[in-house]
Ligand SMILES: N[C@@H](CCC(=O)N[C@@H](CS)C(=O)NCC(=O)O)C(=O)O
């Protein structure tokens, strides 16, 4: 099994998490440098015509792309431990939460979209960053509001991504904290703009 990957690829992280949970180690991990546009080279276009990561080639040569499709394939071929709950409503909820990120949010902030905004519409770097933060925040706020059984898990993730001067992921510093959402008084709790760490660069694609 070969996995086409890049450290900055959010969609590849989805697959890497599933591989890890299943205890599957790909025979080869091939780096496709998104920052150098390697995803658009002929060799990779033959693997994924959409020119996006992740992609996976099975031992018989079958080429797979789209993170959720790959994750479903891994779950079907390696059923233990299962990635979805048994009960149909719970399964639909988990799929809904996954699609909220993978289908409704992430596609808005991938390199090809950010580059299109910059080149075709002449949006400057700060504008592109603002675009990314807007969609990340909208998605994470929706996931937070949709939480129910997943509450403990999301709480943990959220706490780790609370504003923190030491954070290496600037995008996380601008997320609303659960406390702000709960008490519904963002203005009172927010530090003045000038004292907050300013975002530099989004760390993921
Ligand atoms: N819906 C796809 C998204 C794939 C995607 O856009 N991946 C990003 C990296 S996270 C990419 O390779 N983008 C290349 C580009 O935008 O040029 C999936 O979930 O696999």
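In our numbering, the protein residues as written are 237 to 441. Where a beta carbon is used, it is the ideal one built from N, C-alpha and C, also for glycine. These figures come from a predicted structure and were not determined experimentally.
Buried versus exposed, by CB contacts within 10 Å (16 or more), residue i
i, result
"residue 288", "buried"
"residue 355", "exposed"
"residue 345", "buried"
"residue 178", "Because the chain in this structure spans residues 237 to 441, residue 178 falls outside the shown range and cannot be described."
"residue 259", "exposed"
Nearest neighbour of residue i, chosen from the options [CA to CA]
i, options, result
"residue 267", "259, 256, 280", "280"
"residue 315", "291, 255, 340", "255"
"residue 371", "360, 353, 340", "340"
"residue 273", "319, 245, 237, 318", "245"
"residue 367", "382, 349, 380, 383", "349"
Alpha-carbon to alpha-carbon, residue j and residue i
i, j, result
"residue 480", "residue 351", "Coverage of the chain is limited to positions 237 through 441, which leaves residue 480 absent and any answer about it impossible."
"residue 263", "residue 243", "18 Å"
"residue 321", "residue 359", "43 Å"
"residue 324", "residue 361", "44 Å"
"residue 249", "residue 369", "19 Å"
"residue 265", "residue 238", "6 Å"
"residue 294", "residue 363", "40 Å"
"residue 347", "residue 353", "10 Å"
"residue 261", "residue 297", "17 Å"
Residue i vs residue j beta-carbon contact at 7 Å
i, j, result
"residue 337", "residue 251", "no"
"residue 303", "residue 247", "yes"
"residue 300", "residue 310", "no"
"residue 285", "residue 240", "no"
"residue 270", "residue 378", "no"
Whole beta strand (DSSP E) elements within the segment 336 to 375, 3-residue minimum:
none
Quick one: which unbroken alpha helix (DSSP H) runs of 4-plus residues sit fully inside the segment 241 to 288? Chain order, please.
246 to 258, 278 to 281
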